[in-house]
């Protein structure tokens, strides 16, 4: 009895030690599992943060590299509608998308914006026409415009500098003539024009067609529509000798029997044809003043102009 009691005391002491060891091992496993989960969660959060920073840095780089040019801007106004013609060029190394167009009428301090969708790859260019509405807009007003890209950059619309300089001609009219483009043709019996002669003389005994380059530089930036009343008028100073060459249409190198209209787009050089007319004998062997008489409409209004700055010699 004494020995059994002693063994029980020994076993009871050992069972308490094993329980303590098992409790310690279980607690260690729990702590390890929790620590592992916390570590893995931290790694995943760090990876997400690193990826987000990388993406944001790439966005900033792409935004800095985005380079779009909007040039050759023309404005025309009809009622409250403003038509904007512009050439958009992606001069940067990344693709670009225009998502909004803003137009500011600086004269009356009003502005508007219009959603657009223009996507351009690097090196790509596109001619676009947009229409926005600003109440009270007028052809005499000044406008400033800009695009907003999907990356948040702004692209100012640049006007044609050459046209702005040419507005000095407003004192003598809205249409300018390029003297270097003056030419004359001798059509055959079918009305087909022969090769052009770039000189300031015409044969006295043959029907002649004049070719003259004109450019619409009106400050309102509207197209000018010329009618059949337009002509070239030759007059010999100090005499009553004169002759007229009516404005004409030429299609595929052949002068047409009828004329409907001729549009002079703003800022664009256009070759106009006048004739065919055979100079009368009263002009033979004489120098004559060349008057380009132009008549038509600009917007809702009539328009007329005389360009008297050229002379030709009529041969015998």
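Numbering (the numbering used here), first residue to last: 107 to 422. We put the CB at the ideal spot given by N, CA and C, even for glycine. In this text the structure is predicted, and so the values were computed from the model without any measurement.
For residue 183, the secondary structure class from DSSP, reduced to helix, strand or coil, is strand. If you draw a straight line from the Cα of residue 262 to the Cα of residue 175, it comes to about 8 Å.
In this structure, residue 314 and residue 383 form a Cβ contact; the two beta carbons are roughly 6 Å apart against a cut-off of 8 Å. Shown here, residue 223 sits in a strand according to DSSP, grouped into three states. The criterion of a C-beta distance shorter than 9 Å is satisfied by residue 208 and residue 251. Here residue 152 carries a helix assignment [DSSP, helix/strand/coil].
The three-state secondary structure of residue 264, taken from DSSP, is strand. Between residue 135 and residue 144, the alpha-carbon positions lie close to 14 Å from each other. Between residue 369 and residue 362 a beta carbon distance of about 16 Å is seen, past the 8 Å cut, so the two are scored as non-contacting.
Residue 281 is a Cβ neighbour of residue 322, given a cutoff of 9 Å.
Ranked by Cα distance from residue 388, the first of 414, 352, 377, 346 is 346. With a beta-carbon spacing of about 6 Å, residue 180 and residue 373 fall inside the 8 Å limit used to define contacts. Selection 340, 401, 284 evaluated against residue 333 yields 401 as nearest (Cα-Cα). In the DSSP assignment, residue 379 falls within the unbroken beta strand (DSSP E) covering 375-383.
Counting every other CB atom within 10 Å of its CB across the protein chains shown gives residue 131 a total below 16, marking it as exposed. Going by DSSP, residue 331 is part of the beta strand (DSSP E) stretching over 330-332. Of the candidates 309, 325, 297, 284, the residue whose Cα lies closest to the Cα of residue 376 is 284. Put simply, the region 180-191 touches the region 238-251. At least three CB pairs are less than 8 Å apart.
Counting C-beta atoms within 10 angstroms of its own C-beta, residue 351 has 16 or more neighbours from the protein chains shown and is therefore classed as buried. In this structure, 343 is the residue among 193, 343, 187 with its C-alpha nearest to the C-alpha of residue 414. In the DSSP assignment, residue 291 falls within the beta strand (DSSP E) that extends over 281-291.
One thing to note: residue 202 has its Cβ within 9 Å of the Cβ of residue 256.
Contact between residue 231 and residue 195 holds: their C-beta atoms lie close to 4 Å from each other, under 8 Å. In this structure residue 410 is exposed. Its beta-carbon is surrounded by fewer than 16 other beta-carbon atoms within 10 angstroms.
Here residue 420 is near residue 394, since their CB atoms are less than 9 Å apart.
Of all alpha-carbon atoms in 187, 260, 152, 197, the one lying nearest the alpha-carbon of residue 205 is that of 260. Residue 278 places its beta carbon 9 Å or farther from that of residue 328. In this model, residue 200 and residue 165 are separated by some 11 Å (Cα to Cα).
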